[in-house]
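Taking it in order: structure first as structure tokens, then the write-up.
Protein chains: 2
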Amino acid sequence: MTDRGGYQQFCPLSMAAEIICTRWTPLILRELLCGSTRFSDLRKGVPRMSPTLLSKRLKELEEAGVIETRPRPDGNLDYLLTEMGEDLRPMIMTLGNWGHRWIESTVSLRNLDPSLLMWDMRRWLNTGHLPSRRCTIQFLYPEIPGGGRTFWLVVHEGEVDLCSIDPGFEVDLMVTADLRSMTAVWMGMTSLRAEIAAGRITVDGDAGMARAMGDWLGLSRFAPEPRRVA
Amino acid sequence: MTDRGGYQQFCPLSMAAEIICTRWTPLILRELLCGSTRFSDLRKGVPRMSPTLLSKRLKELEEAGVIETRPRPDGNLDYLLTEMGEDLRPMIMTLGNWGHRWIESTVSLRNLDPSLLMWDMRRWLNTGHLPSRRCTIQFLYPEIPGGGRTFWLVVHEGEVDLCSIDPGFEVDLMVTADLRSMTAVWMGMTSLRAEIAAGRITVDGDAGMARAMGDWLGLSRFAPEPRRVA
DNA sequence: CTGCATCCTCTTCGATACTG
DNA sequence: CAGTATCGAAGAGGATGCAG
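Chains H and B supply the protein sequences, listed in that same order.
All letters in the first sequence, in the order written, are residues -9 to 220 by the numbering used here.
All letters in the second sequence, in the order written, are residues -9 to 220 by the numbering used here.
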């Protein structure tokens, strides 16, 4: 940050923007604030970012004091927010809530991505509203061609695993969904009930789990924000 | 934004970051939120940005619905925040306040710029604490070599003009300051009183105006935020 | 598998000059 | 004063390779 790259303004907004408002950085912060600490988990949240650039950004954030690294027992690194980094949560939420208020759903829903949706779903699943035994929920997006249309969420002792290849367990609940509808539900743009009624999402299997889907399916953290546009 | 440039995530944070977190954009928004509406005024707030890029960014913000343009009587354009754009104020303030809390003053104060400081000062001068007649305050930063070390703030009927060449009026008050000290005062990192006591800022001329300097000198909008670092 | 480094191509940015 | 055109330099993405 000698000359290029820096705005050369003493204003704190300028200094903050130099750290935070570079390409991909807000999304990396979102992942960290959502609890990801491993390089590979961070990558799942920003799948279109090259690992080289992710590595570079993490170093920059560490240099700025936003994160710190700690060796894990397995020999790899954990990337952890410092107090300075954790203090970015209100800013990230404010920006995301603004987006949710003002970005048209027709625009947001151009960027459908089942892996990303499932990864976020895994993160916020309310395991307390599922049976205490191990249970397996299969999601199928029939419109998606080839492999990659099927996902399994395996819940066991409060832990949730996302699989994109069949884990082999008996499936307790099978959700078949239009990807756009499932994403819209997740974003709070429509209701699960409405999409099921319209036949765009169907649920088969354990009746109790099916009935409680509105409870165990946590929505996006931005879904509660009231929208200002269609 | 077909493929490159976009994050391709439906998450509202991602959509918002595509619009807001591009190079220079937060600073342009700061200027707009502070009330600048003309191209030339916006440039004064981001003097190191090329006019080409400023023009491009303004078009992008208009396309996104954050600003709109309106023809002025003089034939040029006014750039005005829409409701969507005005709604970014909390986010920009949150980010700036974060910067003020966490960025070390030694880092911020590497980016001294007297023009920028004076431009911001002009913006927030409390004219109500100055005599109602026209008055002229001269600022001198002796350390700065060559021209560009002297500025005049001319206050007349509630309007403030910033001049970098002598407007020719009689000077009512003369402020001689170390640029770093004046900037630190402006940012709320130290007090005017302390810097005057230390001899790093001196004030000569109209005794009433000198005494009231703490009142008419509005500080940065971020100055009130309590700092977490030195 | 994790966490990069390297090489290459394409896009974006900055500096300067220029036009209505 | 309010922007636009041009061009070289830096940055970002993709593919590949590699050490632990």
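Glycine residues also receive a C-beta, built at the ideal position from the N, C-alpha and C atoms.
Neighbour flag for residue i against chain H, beta carbons, 8 angstroms
i	result
THR(-8)/B	Because THR(-8)/B sits at a pLDDT of 33, beneath the cut-off of 50, its placement in the model cannot be relied upon, and the point is left open.
ALA235/B	Limits of chain B in this structure are -9 at one end and 220 at the other, which puts residue 235/B out of reach.
ASP31/B	no
ASP205/B	no
MET199/B	no
TRP221/B	Missing from the structure shown is residue 221/B; chain B here goes from -9 to 220 and no further.
TYR131/B	no
LEU106/B	yes
VAL97/B	yes
LEU287/B	It is not possible to answer for residue 287/B, since the shown part of chain B is limited to -9 through 220.
HIS90/B	yes
ARG47/B	no
PHE0/B	yes
ILE57/B	no
PHE212/B	yes
ILE93/B	yes
MET179/B	no
ILE155/B	no
Helix, strand or coil at residue i according to DSSP, with G and I counted as helix
i	result
PRO16/B	helix
VAL175/B	helix
ALA220/B	coil
ALA167/H	strand
GLY204/B	helix
LEU209/B	coil
PHE159/H	coil
ILE134/B	coil
SER4/H	helix
GLY198/B	helix
GLY187/H	A small correction: the amino acid at residue 187/H is Ala; Gly does not occupy that position in the sequence shown. If DSSP states are grouped into helix, strand and coil, ALA187/H belongs with the helices.
GLU215/H	coil
GLY(-4)/H	coil
Start-to-end residues for the alpha helix (DSSP H) that takes in residue i
i	result
THR31/B	It should be noted that the sequence gives Asp, not Thr, for residue 31/B. Here the alpha helix (DSSP H) through ASP31/B covers 29 to 35.
GLU149/B	Run containing GLU149/B: none in the alpha helix (DSSP H); it sits in the beta strand (DSSP E), 149 to 153.
ARG47/H	41 to 54
CB contact check: residue i to chain B, cutoff 8 angstroms
i	result
THR173/H	yes
GLY208/H	no
LEU85/H	yes
TRP168/H	According to the sequence provided, residue 168/H is Asp. The question's Trp does not apply to it. Output row for ASP168/H: interface = no.
CYS24/H	no
MET81/H	yes
PHE141/H	no
PRO16/H	yes
LEU182/H	no
ASP43/H	Just to set this straight, residue 43/H is Leu in the shown sequence, not Asp. No - not a single Cβ of chain B is within 8 angstroms of the one on LEU43/H.
ARG190/H	no
GLY102/H	Reading off the sequence shown, one finds Leu at residue 102/H, where the question assumed Gly. So yes, LEU102/H belongs to the interface.
LEU71/H	no
LEU223/H	Limits of chain H in this structure are -9 at one end and 220 at the other, which puts residue 223/H out of reach.
MET111/H	no
LEU152/H	no
MET164/H	no
ILE134/H	no
LEU67/H	no
ILE10/H	yes
Residue i, enclosing beta strand (DSSP E) - first and last residue
i	result
THR192/B	191 to 195
THR180/H	Note, THR180/H: premise wrong, no beta strand (DSSP E); not H, not E.
Residue(s) in a DSSP beta bridge with residue i
i	result
VAL144/B	THR126/B, ASP151/B
ILE57/B	LEU71/B
_Any beta strand (DSSP E) of 3 or more consecutive residues that is wholly inside the region 59 to 127 of chain H_ = 67 to 71
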